[in-house]
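A.B. asks:
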Amino acid sequence: MNIWDSLILNPMINALLYIYDFLGPTLGLAGAFGLAIIVFTILIRVITLPLTYKQQQSTQKMQELQKDKEYIKIQEKYKGDRQKLQEEQMKLYKKLGINPFAGCVPTIIQLPVIFGLYGAIIRSLADSPTPLLEFSKHIYTSVSSTIIPLNSQFLWMDLGQPERFAIPALEGLPVVGDGLPVLAVIVIITSYLQTKLTTPPQPGAQGAGMTQMMGIYMPLLLGWFAYTLAAGLALYFVVSNVLAIGQALLMKRFRSEPSPKPKKSEGSGRAHLKGKSDGKAKGKKNPPGKQARGKGS
Numbered sequence: 005m006n007i008w009d010s011l012i013l014n015p016m017i018n019a020l021l022y023i024y025d026f027l028g029p030t031l032g033l034a035g036a037f038g039l040a041i042i043v044f045t046i047l048i049r050v051i052t053l054p055l056t057y058k059q060q061q062s063t064q065k066m067q068e069l070q071k072d073k074e075y076i077k078i079q080e081k082y083k084g085d086r087q088k089l090q091e092e093q094m095k096l097y098k099k100l101g102i103n104p105f106a107g108c109v110p111t112i113i114q115l116p117v118i119f120g121l122y123g124a125i126i127r128s129l130a131d132s133p134t135p136l137l138e139f140s141k142h143i144y145t146s147v148s149s150t151i152i153p154l155n156s157q158f159l160w161m162d163l164g165q166p167e168r169f170a171i172p173a174l175e176g177l178p179v180v181g182d183g184l185p186v187l188a189v190i191v192i193i194t195s196y197l198q199t200k201l202t203t204p205p206q207p208g209a210q211g212a213g214m215t216q217m218m219g220i221y222m223p224l225l226l227g228w229f230a231y232t233l234a235a236g237l238a239l240y241f242v243v244s245n246v247l248a249i250g251q252a253l254l255m256k257r258f259r260s261e262p263s264p265k266p267k268k269s270e271g272s273g274r275a276h277l278k279g280k281s282d283g284k285a286k287g288k289k290n291p292p293g294k295q296a297r298g299k300g301s
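Residue numbers (my numbering): 5 to 301.
#1: Classify Gln70 as buried or exposed, calling it buried when 16 or more other Cβ atoms lie within 10 Å of its own Cβ.
#2: Among Leu115, Leu21, Glu68, Leu55, which has the Cα closest to the Cα of Ile41?
#3: What do you reckon, are the CB atoms on Leu239 and Leu154 nearer than 9 Å?
#4: Within a Cβ cutoff of 7 Å, which residues of the same chain sit near Gly123, ignoring the five residues on either side of it in sequence?
#5: I'd like the list of long-range same chain contacts for Lys200, defined as Cβ closer than 8 Å, with 5 residues on each side in sequence excluded.
#6: What are the boundary residues of the alpha helix (DSSP H) that Tyr144 is part of?
#7: Taking Cβ to Cβ, would you say Glu68 is nearer than 9 Å to Ile78?
#8: Hey, Ala235 and Leu163 are a contact pair by Cβ (cut 8 Å); roughly how many whole angstroms apart?
#9: Just confirm the distance between the C-beta atoms of Val242 and Ile190, as a whole number of angstroms; I'd bet it's less than 8 Å.
#10: Report the rounded CA-to-CA distance for Tyr196 versus Gly250, giving the unit in angstroms.
#11: At which residue ranges does the segment 16 to 46 contain complete alpha helix (DSSP H) runs of 4 or more residues, listed in the order of the chain?
#12: In angstroms with no decimal places, state the Cα-to-Cα distance between Met94 and Ile7.
#13: Report, in whole angstroms, the separation of the C-beta atoms of Pro166 and Thr232, which I expect to be a contact under 8 Å.
#14: Let's test the definition: count the other Cβ atoms within 10 Å of the Cβ of Gly120 and tell me whether it reaches 16, buried, or not, exposed.
#15: Of the residues Trp160, Thr145, Asp131, which one's Cα is nearest the Cα of Ile152?
#16: Checking 9 Å against the spacing of the C-beta atoms, do Val147 and Asn18 come in under that value?
#17: Give me, in chain order, the residues of the same chain whose beta-carbon lies closer than 8 Å to that of His142; leave out the 5 immediate sequence neighbours on both sides.
#18: So what's Asp9 in DSSP terms, helix, strand or just coil?
#19: I believe Met222 touches Gln60 by the beta-carbon criterion, under 8 Å. Please report the beta-carbon distance rounded to the nearest angstrom.
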């Protein structure tokens, strides 16, 4: 058994099996394997939440930095010297505690999750003797053998096959084929929205162009994966993207809310009233008789 199987593939396979066993045979829920993928995706998001939070903080700082006077001054001063510009930018990043590469960490971590989950889904849905024998090598002894083979049906899709939504009225059309790839379209849309919300703006025309290209090509690449690979992986993409979008919107909302103004203490309020009354007493003129009597004494 290799390191990949021990650290990535086997834990994912057995996590899905544990969740499937609880949701399906124990609770009797329909579409248990699809629900298991959704729960598994939520768990992955919770585990990587600290990294995602740092990514969002870095995004916010990078956006605020675009308006910083010192940053603008560096851009204007070294616009003809690219190497010096990068050096000064890195110094400023270090000074302000900004990591411009923080946004890449969750994406890098997600790659082994994607490949591991795809392998786990394909192996978990084995239904013939040879694949089942190979699959049994990855199962922990604590997993109940009665749940195998798994039921791969979830809503209209077979999670072990590429997803297509069949529309009888459109059958036979060259564009539609076996059905519409609904999940693939949703993956592209949600991936684009997630990229727009979580990718910090890059300085300079080249950086901005690279960010724009990634914002277009990455959703298309994930959409292609969703179109050609198992529907279970496409389901993971959709749930993961929706959770990331919701998290980004919540964090953006909390950052934009103004902090409540501190309430004045009772003592300070009394002092304020006393000061006002003293001021009025000082400003109030004495009657002419009292002034004359005061001078005579």
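Backbone N, C-alpha and C fix where the C-beta goes; we use that ideal spot for every residue, glycine too.
C.D. replies: The structure says:
#1: By the 10 Å Cβ count, Gln70 comes out exposed.
#2: If we check each option's Cα against that of Ile41, Leu21 comes out closest.
#3: For the pair Leu239 and Leu154, the CB atoms are not nearer than the 9 Å cut-off.
#4: Result list for Gly123: Leu13, in chain order.
#5: If we look at Lys200 and ignore the five residues flanking it on each side, its Cβ neighbours are Gly219.
#6: The continuous stretches of alpha helix (DSSP H) do not include Tyr144, and DSSP gives it neither H nor E.
#7: No Cβ-Cβ contact shorter than 9 Å links Glu68 with Ile78.
#8: That pair is a contact at about 5 Å.
#9: Yes, they are in contact, since the Cβ atoms of Val242 and Ile190 sit about 5 Å apart, within 8 Å.
#10: C-alpha separation (whole angstroms): 14 Å.
#11: Counting only runs of 4 or more, we get nothing.
#12: Distance between Met94 and Ile7, taken at the CA atoms: about 37 Å.
#13: The pair is a contact, with the Cβ atoms about 6 Å apart (cut-off 8 Å).
#14: Result: buried.
#15: Nearest C-alpha to Ile152: Asp131.
#16: Yes. Within cutoff.
#17: Its chain contains Asp9, Leu13, Asn14, Ile17, Asn18, Arg127 as the residues whose beta carbon lies nearer than 8 Å to that of His142, once the 5 sequence neighbours on both sides are disregarded; these appear in chain order.
#18: Under the three-state reduction of DSSP, Asp9 is assigned to helix.
#19: Actually they do not touch by this definition, with Cβ atoms about 18 Å apart.
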